[in-house]
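At position 35 of the sequence shown (counting the first as 1) the number is 35 in the UniProt record's numbering, and the numbers step up by one without a gap.
A virtual CB, placed ideally from N, CA and C, is assigned to each residue, including glycine.
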Amino acid sequence: MAALKSFEKPLTPEEEIEYLTKFKIENDKSAKDTLIERNMRLVAYIAKKYNNSTEDQDDLISIGTIGLIKAIETYNIDKGTRLATYASRCIENEILMNIRSNKKNKTQVSLQDPIGTDKEGNEIHTTFYMLFSTIIYI
């Protein structure tokens with residue numbers, strides 16, 4: 001909860017529309033930066049939901065920030081929803097995609113990698129070499 005206190009307060013609906021208009025119409029990068037900074041509290045809140053995953057909390061916030069940036073860039077003012085409503089889905093999706101990707105990568109094993117041990121804990125390459133040597137010797 002202490003991490004949430006270090007972020008700036010969220011924008012009011014009027015400020016949000018002002019900065020979104022500056023960014024979307026005038027392509028003002030400082031407006032985009034302000035939108036990112038003032039919505040970091042939302043990113044931290046969503047990242048906190050996934051605190052029990054294998055990812056570090058700071059990594060989850062970084063990944064969530066990527067989702068926030070994508071949300072700001074693709075947000076449509078004409079839809080009539082708040083940026084936070086749209087961004088929360090984008091942030092959550094980005095975090096979930098990363099968790100799934102990491103889980104998938106951890107389960108993949110290359111055919112070139114040594115297996116190491118069998119189910120009983122014996123080293124496979126040593127066991128195979130000893131078995132192969134015994135067969136040749138016989």
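- Message: So residue 170 and Y45 are supposed to be a Cβ contact under 8 Å. How far apart are they, rounded?
- Response: The shown model of the chain, from 1 to 138, leaves out residue 170, and the question about it has no answer.
- For the alpha helix (DSSP H) containing I36, list its first residue and its last residue. Note, I36: alpha helix (DSSP H), 29 to 38.
- Where P13 and K104 are concerned, what is the direct C-alpha to C-alpha distance, given to the nearest angstrom? 40 Å
- Under a Cβ-count criterion, where at least 16 other Cβ atoms within 10 Å of its own Cβ denotes burial, should I25 be classed as buried or exposed? exposed
- Message: Measuring CB atoms only, is the region 62 to 70 touching the region 85 to 97, in the sense that at least three cross pairs come out at less than 8 Å?
- Response: yes
- Could you pull the start and end residues of the alpha helix (DSSP H) that P10 belongs to? Looking at the DSSP string, P10 is not in any alpha helix (DSSP H), and its letter there is neither H nor E.
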